[in-house]
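Protein chains: 2
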Amino acid sequence: MINVIGIGQNRENMTLGALKAIEESDVIIGYKKYINQIHDLIQDKEIIQKGMGDEIFRAELAIKKSLEGLNVSLISSGDPGVFGMANVLYQIVSKYDDVEIKVFPGVSALNYASSILGAPLNDFAAISLSNILTPLSEIEKKLKYALEANLIVAIYNPISKTRKEPFKIFKQCVLDIKGDDTLVGIVDSTFEPPKSTITEIKDLTEDMVNMSCTLIVGNDLTYVLDNKLITPRGYVIRSKIHELSRNHYEKFLNGEIAHGPNRECEFYPCHYEGQYCDFCYCPFYPCGDSSTCGTWIKGKNVWNCKDCTWLHEKESVECLRQPLENILEEVEDLKTKKKSLLKLRRACLLKNNPNNL
Amino acid sequence: MINVIGIGQNRENMTLGALKAIEESDVIIGYKKYINQIHDLIQDKEIIQKGMGDEIFRAELAIKKSLEGLNVSLISSGDPGVFGMANVLYQIVSKYDDVEIKVFPGVSALNYASSILGAPLNDFAAISLSNILTPLSEIEKKLKYALEANLIVAIYNPISKTRKEPFKIFKQCVLDIKGDDTLVGIVDSTFEPPKSTITEIKDLTEDMVNMSCTLIVGNDLTYVLDNKLITPRGYVIRSKIHELSRNHYEKFLNGEIAHGPNRECEFYPCHYEGQYCDFCYCPFYPCGDSSTCGTWIKGKNVWNCKDCTWLHEKESVECLRQPLENILEEVEDLKTKKKSLLKLRRACLLKNNPNNL
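Protein chains in written order, with our numbering: chain A, 1 to 357; chain X, 358 to 714.
Right, here's the structure in full:
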């Protein structure tokens with residue numbers, strides 16, 4: 001029996017199953033660093049430590065010991081299914097008959113890094129920058145498509161002493177596709193507890209990153225608040241319809257709200273000269289999404305959109321207006337159809353098709 | 358204090374940290390199904406169970422209880438950072454001062470599903486098909502780019518009784534971009550132990566999938582062997598250079614191997630009429646990668662490439678030949694430069710740039 005075990009990043013995120021399987025094993029095989037991580041658990045066992053890069057040898061050894069009737073644990077950090085030993089073992093196990101394998105999934109580096117950074121994930125990609133087995137051209141293609149798709153991108157194996165080229169390519173891809181100010185979270189497990197940093201891609205340099213780092217690249221909605229990296233998913237926050245908003249949308253539904261700047265309004269321009277006033281009151285209030293610069297007023301339960309001008313930009317209004325008219329049949333729909341409204345907001349923010357929600 | 362806890366998919370893959378935090382909590386808040394999963398651990402605690410869809414309400418409740426000085430656990434299945442409660446909580450916590458949050462990462466559904474299916478992951482994307490908060494146009498775009506990039510694609514929330522449209526779009530994207538025979542692994546956690554199925558996308562129907570399923574879509578290299586879904590990463594398997602191969606590559610290095618079919622060879626055509634013979638012996642042997650139809654002969658430690666014709670196809674040879682000549686300086690390089698050789702093979706297999714390894 002071979003247990004392919006993910007031990008997580010630390011004892012706290014090791015699973016109960018991993019712990020039990022290790023305890024019940026006769027032989028423990030793994031890369032030295034990971035063996036050290038569980039040293040206190042395996043004092044009475046045969047321990048085979050190997051250097052990095054001997055993956056196939058470790059897998060062969062596990063099979064050999066298993067065929068001798070021993071209960072073997074093959075150790076990966078994180079999750080053995082994510083750039084770990086499961087893949088290696090399956091590459092060669094079909095040489096043999098009757099080798100029983102059980103994979104114990106673990107907390108992978110991207111999940112751990114995210115838990116430390118805040119809540120940066122939504123739909124995401126996980127890409128290793130190691131070009132030991134994977135051509136650079138393949139890595140570059142995956143990066144480009146993932147960034148273009150607006151996926152969050154988790155980066156494994158960002159750099160090593162001898163491998164710096166993939167990191168350069170990575171940085172250039174993010175600069176070119178997402179722009180200078182794209183947010184990147186770095187979790188460095190060289191330290192215990194790990195050190196986390198949030199920076200913009202333009203300020204990310206090689207000396208900030210090492211083999212023990214996991215990077216999380218934000219998408220077009222990701223923001224930093226109170227030192228946490230957050231990608232909003234857009235849950236519905238229920239709220240009353242403000243009386244002034246109600247008045248505005250009654251007129252809107254009657255076709256009485258003009259398109260563009262309303263220079264006749266006594267408050268014009270409340271935000272900036274040239275602003276569009278179609279949505280004098282925000283139909284998405286409170287979105288709770290700081291990616292457009294709104295924030296909660298602490299202790300008051302009030303969402304403050306003073307700094308959000310997105311809703312008054314020509315491009316936003318032109319994307320939103322027609323689909324919004326289709327969604328709203330009566331003013332109450334600002335409450336009852338809030339999910340559809342927030343999806344419309346999201347589609348226009350991300351420049352996707354607002355008619356296909 | 359709010360612990361945002363991922364309890365994994367079952368007790369075996371719950372983490373030690375999650376267990377301890379739950380045990381030390383005063384209040385447990387979560388969706389009913391997840392509360393049931395840990396019922397035996399929380400008999401002495403205040404339990405607040407809520408229905409699906411009340412995420413913001415659950416988060417507000419956790420904050421309220423925490424501000425009362427209680428130790429609260431907010432429960433997610435899998436990993437709370439992957440389509441879980443971490444995101445919801447951070448959307449509203451900045452309303453308040455001094456709420457302490459700790460996220461306990463967990464084994465996410467894609468990691469669990471992969472452990473059951475075999476070793477299907479390499480670089481991957483995780484995409485939720487739920488269009489409750491995310492516009493269909495956004496989901497479709499992410500799917501298309503991830504599939505085009507040749508990422509493995511893990512699908513969360515594939516379908517529900519009322520949401521079938523995203524699943525239709527998903528299936529059509531895979532058919533259009535990857536083709537009829539793209540492999541899909543399905544892990545259905547309605548059953549305990551979960552039921553796993555491996556199928557081709559053309560045979561994937563709505564009745565095979567439900568809300569408790571995670572899907573893993575293979576890439577261009579993914580294969581099925583002994584009922585396991587495997588995506589090869591291409592680890593180097595060391596091997597001697599066969600004498601006949603040595604002879605062939607000595608001639609190759611001397612420029613004595615002609616390009617194209619070798620009709621003068623007494624064995625021609627050993628594979629099929631029209632085959633290219635530039636690589637009479639495989640320079641990648643043994644690749645150990647069944648995606649091109651080679652297999653291990655069980656019990657013999659012999660890699661059998663009888664069914665692999667990829668190396669003899671015109672297109673393959675034209676991609677490989679020049680870069681191979683650049684890599685090989687002497688026959689021994691078939692052993693010593695095997696990593697570069699395998700990367701070249703991979704680049705040509707995936708139709709990426711063979712000169713950028």
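We put the beta carbon where it would ideally sit given N, CA and C, even for glycine.
- Using beta-carbon distances, A:Pro323 does not count as an interface residue toward chain X, since no partner is under 8 Å.
- Membership of A:Tyr223 in the beta strand (DSSP E) is indicated by the continuous run Tyr223 to Leu225.
- In summary, A:Val302 is exposed, with fewer than 16 beta-carbon neighbours lying within 10 Å of its beta-carbon over all protein chains present.
- When Cβ pairs closer than 8 Å are counted between the two stretches, the stretch 431-439 of chain X is seen to touch the stretch 110-121 of chain A, the count reaching three or more.
- Under the Cβ criterion (8 Å, minimum of three pairs), the stretch 485-497 of chain X does not count as touching the stretch 89-99 of chain A.
- CA-to-CA, the gap between X:Asn710 and X:Gly591 works out to about 17 Å.
- Here DSSP, grouped into helix, strand and coil, assigns X:Thr693 to helix.
- Per DSSP, the continuous beta strand (DSSP E) segment holding A:Tyr31 begins and ends at Val27 to Tyr31.
- Our two residues, A:Asp278 and A:Arg346, have alpha carbons roughly 18 Å apart in a direct line.
- Here A:Phe170 is buried, its C-beta having at least 16 other C-beta atoms within 10 Å.
- Contact check between the stretch 325-340 of chain A and the stretch 249-256 of chain A: three or more CB pairs, one atom from each, fall below 8 Å, which counts as touching.
- Within 9 Å of the CB of X:Arg415, no CB atom of chain A is found; the nearest one sits about 10 Å away.
- By the criterion of a C-beta distance shorter than 7 Å, A:His271 is surrounded in its chain by Thr309 and His312, once the five residues flanking it on both sides are discounted.
- Note that the stretch 505-522 of chain X does not touch the stretch 544-556 of chain X; fewer than 3 beta-carbon pairs, one per stretch, sit closer than 8 Å.
- In the three-state scheme derived from DSSP, where H, G and I count as helix and E and B as strand, X:Ser451 is classed as helix.
- Taking 8 Å as the CB threshold, X:Met371 lines the interface with chain A.
- Within the stretch 277-297 of chain A, those residues whose Cβ lies closer than 9 Å to any Cβ of chain X are, in chain order, Gly288, Asp289, Ser290, Thr295, Trp296 and Ile297.
- Less than 8 Å separates the beta-carbon of A:Asn111 from that of X:Ser465.
- Its Cα nearest to that of X:Ile395, the residue X:Ile364 stands out among X:Ile364, X:Arg620 and X:Asn370.
- With 16 or more neighbouring CB atoms inside 10 Å of its own CB, X:Leu699 falls in the buried class.
- Within chain A, the residues placing a beta-carbon under 7 Å from that of X:Ser494 are Ala347, Asn352, Asn353 and Asn356, ordered along the chain.
- Around the CB of X:Ala375, 16 or more other CB atoms lie within 10 Å, so the residue is classed as buried.
- Under the 10 Å beta carbon count, A:Asp123 is surrounded by 16 or more other beta carbons and is classified as buried.
- Chain A has no Cβ within less than 8 Å of the Cβ of X:Ile404.
- By the criterion of a C-beta distance shorter than 6 Å, A:Ile159 is surrounded in its chain by Phe167 and Val209, once the five residues flanking it on both sides are discounted.
- Boundaries of the alpha helix (DSSP H) around X:Asn468: Ala466 to Leu474.
- Neighbours of A:Asp180 across chain X, judged by C-beta separation under 9 Å, do not exist; the nearest C-beta is about 22 Å away.
- Between the stretch 22-31 of chain A and the stretch 40-54 of chain A, the count of Cβ pairs shorter than 8 Å is three or higher; the stretches touch.
- Proximity of chain A to X:Glu689 at the Cβ level (cut-off 8 Å) is not reached, the minimal Cβ distance being about 20 Å.
- Within the model, the alpha-carbon separation for X:Trp653 versus X:Pro492 is close to 46 Å.
- Burial state of A:His242 is exposed, judged by a 10 Å Cβ sphere holding fewer than 16 other Cβ atoms.
- When the beta-carbon positions are compared, X:Met442 and X:Ala416 come within less than 8 Å of each other.
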